[in-house]
Amino acid sequence: MQTEHTTKEDGFILLEAIIAVGVLVTIFAATIALYVSSVSGLRISNDQLIATYLAQDGMEQVIAKRQYNYDNNLAWLEGLSQCTTLSPCSAEYFERGLHLALPACVLDCALYLGANGEYSSDTSGTLSRFKRKVEITTSGHEARVVVRVLWPDGPDTLQIPVSYTLYNDPN
Numbered sequence: 001m002q003t004e005h006t007t008k009e010d011g012f013i014l015l016e017a018i019i020a021v022g023v024l025v026t027i028f029a030a031t032i033a034l035y036v037s038s039v040s041g042l043r044i045s046n047d048q049l050i051a052t053y054l055a056q057d058g059m060e061q062v063i064a065k066r067q068y069n070y071d072n073n074l075a076w077l078e079g080l081s082q083c084t085t086l087s088p089c090s091a092e093y094f095e096r097g098l099h100l101a102l103p104a105c106v107l108d109c110a111l112y113l114g115a116n117g118e119y120s121s122d123t124s125g126t127l128s129r130f131k132r133k134v135e136i137t138t139s140g141h142e143a144r145v146v147v148r149v150l151w152p153d154g155p156d157t158l159q160i161p162v163s164y165t166l167y168n169d170p171n
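In the numbering used here, the protein residues as written are 1 to 171.
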């Protein structure tokens, strides 16, 4: 004859299994959330790096234009003074030549990625996420130059501003 063997511990095995599954699901969900957060952070870091280089490139072009003006006995802000906060310019000297004025922004200063991997305002490339604006504020013998690179990140617009002060005498 068999006897049934029941103890209070039989109910605890089921409870322990439920708790173990809950812990595993929580760990899995946390791992996935960490992964998604890391991937998003990498994308933002990559965009910030590109934006920093684009802003630096724009500033170098403004400084090169200022030096060109000085070397050719032109007014120190010739081809630059039209770039204001309300009417920003695009920086395209290395494609257009230093003897020309900075062009006014087209399509809110959108940048396009060319087949050569370089960013420019040339619309023959692929429209990128980035916009680059050059703004110059003058005060006497000084000009404060701000190059802003903007790009969308979800509902927000992120930006990298780079500023520099030009003086009437570059020496």
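Every residue gets a Cβ at the ideal spot worked out from N, C-alpha and C, and that includes glycine.
* Within 10 angstroms of the Cβ of GLU142, are there 16 or more other Cβ atoms? Answer buried if so, exposed if not. => exposed
* To do: For my contact list, VAL134 and LEU54 are in at a C-beta cut-off of 8 angstroms; report their separation, rounded to the angstrom.
  => About 11 angstroms separates the two Cβ atoms, so there is no contact after all.
* Asked: By DSSP, does GLU142 sit in helix, in strand, or in coil?
  -> strand
* **Residue nearest to ASP71 in terms of C-alpha spacing, selected from VAL147, HIS99, THR31 and GLN159** => HIS99
* THR157: which of VAL21, ILE44, ALA30 and GLU16 sits nearest, CA to CA? -> ILE44
* **Residue closest to ILE50, alpha-carbon to alpha-carbon, out of CYS83, VAL146, PHE130 and ALA104** => PHE130
* Asked: Bridge partners of THR157, per DSSP?
  -> PRO152
* Asked: Okay, do the region 13-30 and the region 58-68 touch, 3+ Cβ pairs below 8 angstroms being the bar?
  -> no
* Asked: First and last residue of the beta strand (DSSP E) that includes LEU113?
  -> 110-113
* Complete runs of the beta strand (DSSP E) confined to the region 52-115 [at least 3 residues] -> 110-113
* To do: Could you check what DSSP says for THR26 in three-state terms: helix, strand or coil?
  => helix
* Asked: What three-state label does DSSP hand THR126 in the structure shown?
  -> strand
* To do: Grab me the residues of CYS105's own chain with a C-beta within less than 6 angstroms of its C-beta, minus the 5 sequence neighbours each way, in chain order.
  => PRO88 and SER90
* Starting from the C-beta of GLU92, find all residues in its chain whose C-beta is less than 7 angstroms away, skip the five residues before and the five after it, and write them out in chain order. => PRO103, SER120 and SER121
* Going by DSSP, which residues form a beta bridge with ILE136? -> VAL145
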